[in-house]
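In the working numbering, the protein residues as written are 0 to 233. Glycine included, C-beta positions come from ideal geometry on N, C-alpha and C.
Set out below in structure tokens:
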């Protein structure tokens, strides 16, 4: 399970997005709002923000994504339960929220919109929210036996555009060699026979460096940092 956290100042846009019929959306849970229509939901949120008009970023928006491999077992009720647990652990409680499930992508995912002004007019803290959410997602993934996504391993290569396409090609080349290289010298030697240098020299001009003029060590070191690999095996 992976979370993405966003904040905003207006409810109309996020509510329209979450409940957009083009996504095949389903409102699977809500609290403290009138659900007769989108306008009623939006107005319910706005009314509560008047309890603390000094706060600018009153909109909380969290998306929770799950692996496509888990689709058959993820019911609306279960996803709403996990969403509520995530909110509880994040300190998002005693406030208004809606949870909508989208069906516009291969992987199951839901969107939560909540009011950062709680029912008593207090502001829900967003301090270190991304760090805390990442930790909570790992806890819930383990608790419910969910699939741990492999990051770049789950990328749909045919959908990538530059510069991400080049970045992924470099990642694949480095991954293959790093797995069997024990030092820099061996890694550099192996990479000479692969696509790394040619890919960099032809596609990475947006990085504003001339690959062929750099030392091989500098090239690989820079690319490792670029794609998020901190070190090779020793």
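- Rounded to whole angstroms, residue 0 and residue 84 show a C-alpha spacing of 13 Å.
- Setting aside the 5 residues that flank it on each side, residue 108 is surrounded in the same chain by 62, 63, 64, 65, 100 and 101, each with a C-beta closer than 8 Å to its C-beta; the list follows chain order.
- Non-local beta-carbon contacts of residue 34 in its own chain, meaning distances under 7 Å to residues more than five positions away in sequence, involve 26 and 40 in chain order.
- Straight-line measurement puts the Cα of residue 141 at about 30 Å from the Cα of residue 13.
- Contact annotation: residue 114 and residue 94 have beta-carbon atoms nearer than 8 Å.
- Scanning 121, 37, 31 and 38 for the CA closest to the CA of residue 52 turns up 121.
- Look at residue 123 here: in three-state DSSP terms it is coil, with no helix or strand label.
- Residues of the same chain with a CB within less than 6 Å of the CB of residue 133, apart from the 5 flanking positions on each side, do not exist.
- Closest by C-alpha distance to residue 81, out of 182, 137 and 16, is 137.
- In this structure, the CA atom of residue 42 is about 60 Å from the CA atom of residue 186.
- One Cα belongs to residue 127, the other to residue 70, and the distance between them is close to 30 Å.
- For residue 55 against residue 8, the beta-carbon gap comes to about 6 Å, under 8 Å, which counts as contact.
- Given a length threshold of 4 residues, each whole run of the alpha helix (DSSP H) inside the stretch 43–128 is given here in chain order: 75–88.
- In the DSSP assignment, residue 1 forms a beta bridge with 64.
- Contact between residue 2 and residue 59 is absent: CB atoms are separated by about 12 Å, not below the 8 Å threshold.
- Here residue 132 carries a helix assignment [DSSP, helix/strand/coil].
- Here the C-alpha atom of residue 38 lies approximately 27 Å from the C-alpha atom of residue 87.
- With fewer than 16 other Cβ atoms inside 10 Å of its own Cβ, residue 5 counts as exposed.
- DSSP lists 59 as the bridge partner or partners of residue 6.
- Within 10 angstroms of the beta-carbon of residue 68 lie fewer than 16 other beta-carbons, which makes it exposed.
- With fewer than 16 neighbouring CB atoms inside 10 Å of its own CB, residue 15 falls in the exposed class.
- For residue 30, the enclosing beta strand (DSSP E) stretches over residues 25–30.
- Per DSSP, reduced to three states, the secondary structure at residue 16 is helical.
- The residue among 23, 179, 47 and 73 with its C-alpha nearest the C-alpha of residue 146 is 73.
- No Cβ-Cβ contact shorter than 8 Å links residue 57 with residue 97.
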